[in-house]
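Q: Residues in the sequence shown are numbered from 158 upward in steps of one, following the numbering used here. Heads up, the beta-carbon is just placed ideally off N, CA and C, and yes, glycines get one too. Sharing a structure with you now.
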Amino acid sequence: MSGRFITLEGGEGAGKSTLLALVRERLVARGIEVVVTREPGGTLLGEAVRALVLDPGHQRMCSESELLLVFASRAQHVRERIAPALAAGHWVLSDRYTDASYAYQGGGRGQPIERIAALEAWAAPLRPDLTLLLDLPVAQGMARAGARGAADRIEGEDAGFFERVRAVYRERAAAEPGRFRIIDASQPLARVCAAVAAQVDAFVELHEAGA
Ligand code: Z5A
Numbered sequence: 158m159s160g161r162f163i164t165l166e167g168g169e170g171a172g173k174s175t176l177l178a179l180v181r182e183r184l185v186a187r188g189i190e191v192v193v194t195r196e197p198g199g200t201l202l203g204e205a206v207r208a209l210v211l212d213p214g215h216q217r218m219c220s221e222s223e224l225l226l227v228f229a230s231r232a233q234h235v236r237e238r239i240a241p242a243l244a245a246g247h248w249v250l251s252d253r254y255t256d257a258s259y260a261y262q263g264g265g266r267g268q269p270i271e272r273i274a275a276l277e278a279w280a281a282p283l284r285p286d287l288t289l290l291l292d293l294p295v296a297q298g299m300a301r302a303g304a305r306g307a308a309d310r311i312e313g314e315d316a317g318f319f320e321r322v323r324a325v326y327r328e329r330a331a332a333e334p335g336r337f338r339i340i341d342a343s344q345p346l347a348r349v350c351a352a353v354a355a356q357v358d359a360f361v362e363l364h365e366a367g368a
């Protein structure tokens, strides 16, 4: 049986890195083999693309280049890493995937949704089975991320950019309630962890029941 594909999404300082480890542990404890990965990145080529995309030195990168670069990373990621892992029966847990392109390049940068959808259909048609959206007010997320120090090229954007990112994430979650679970990431970490754990357990139980 092929594996399941789970993604974590959210804006600045939502806690994805923190929660990724928790989800992995939860799955491993149930005897599931998990491949943990991220976007942009996940392959040698993808990590090189990530360095380009996030480098604050590339201030002149246009939105079209940015969109194509994140999809170049993703096309490689799907073929080299995600699809083979799923075919081998492993579960794949990715820190961001295509929803991030709709949110950041679509919402944040204003790239047309149809253009992103066309790239998705061509370069990365694989869809996640479950997406955990860590949602929190932009100011709170920026304060958390800001406490970490130097910003990369995208983290340096203004609050309006991140408000548009958040709005697109929420719209996508509302449009696909079967795939998305919205987690209130503004809560204390212990509460966020408990909410994520409950969603993951419910998803695994559904999977075990053959759904
Ligand atoms: N990007 C894109 O534009 N298009 C695409 O298609 C894709 C990505 C795939 C890199 O992603 C950038 O790529 C990202 C979008 C763009 N740019 N931005 N901005 P990333 O996921 O690697 O980078 P990130 O969004 O900046 O993630 P992050 O910095 O790793 O943040 P996080 O994982 O969501 O948060 P965290 O590191 O787990 O937590 C941040 C801090 O808050 C940390 O000190 C925690 O201890 C703290 N924290 C976490 N949760 C809590 C709670 N609940 N209470 C209190 N404190 C907390």
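1. From Arg310, Asp315, Arg284, Asp286, pick the residue whose C-alpha is nearest to that of methionine 299; which is it?
2. Please confirm if the stretch 279-291 is in contact with the stretch 218-226, defined as three or more CB-CB distances below 8 Å between the two stretches.
3. Beta-carbon within less than 8 Å of threonine 194's beta-carbon, same chain only, minus the 5 sequence neighbours each way: which residues are those?
4. Could you tell me the boundaries of the alpha helix (DSSP H) in which valine 235 lies?
5. What does DSSP give as the partner residue(s) for aspartate 286 in the beta ladder?
6. Do you know offhand how far phenylalanine 162's Cα is from leucine 184's?
7. Under a three-way DSSP split, which group does threonine 175 fall into?
8. To the nearest angstrom, how far is the alpha carbon of arginine 329 from that of alanine 280?
9. Here's a check: name, in chain order, each residue in its chain whose Cβ is nearer than 6 Å to the Cβ of alanine 267, leaving out the five neighbours to either side.
10. Hey, how far is the Cα of alanine 274 from the Cα of isoleucine 311?
11. In chain order, what residues of the same chain lie with their CB nearer than 8 Å to the CB of serine 220, ignoring the 5 residues before and after it?
12. Do you know offhand how far leucine 209's Cα is from alanine 324's?
13. Give a yes or no on whether the C-beta atoms belonging to glutamate 166 and alanine 302 are separated by under 9 Å.
14. Whole angstroms is fine: what's the gap from threonine 164's alpha carbon to arginine 338's?
A: Reading it off the structure:
1. Nearest option by C-alpha distance: Asp315.
2. They do not touch, by the three-pair rule.
3. Only residues of its own chain outside the window of five on either side were considered, and among them His234, Arg238, Ile239, Val249, Leu250, Ser251, Asp252 have a CB closer than 8 Å to the CB of threonine 194, listed in chain order.
4. From DSSP, valine 235 is part of no alpha helix (DSSP H); its letter is neither H nor E.
5. Bridge pairing for aspartate 286: absent [DSSP].
6. If you draw a straight line from the Cα of phenylalanine 162 to the Cα of leucine 184, it comes to about 12 Å.
7. Threonine 175 falls in the helix class under three-state DSSP.
8. Looking at the backbone, the Cα of arginine 329 and that of alanine 280 are separated by about 20 Å.
9. At residue 267 the sequence reads glycine, which differs from the alanine that was named. Closer than 6 Å at the Cβ level, and outside the excluded window around glycine 267, lies no residue.
10. Going from the Cα of alanine 274 to the Cα of isoleucine 311 covers about 22 Å.
11. Hits under 8 Å: Gln262, Arg266, Gly267, Gln268.
12. Between leucine 209 and alanine 324, the alpha-carbon positions lie close to 26 Å from each other.
13. Not in contact: glutamate 166 and alanine 302 (Cβ atoms no closer than 9 Å).
14. For the pair threonine 164 and arginine 338, the Cα-to-Cα distance works out to about 11 Å.
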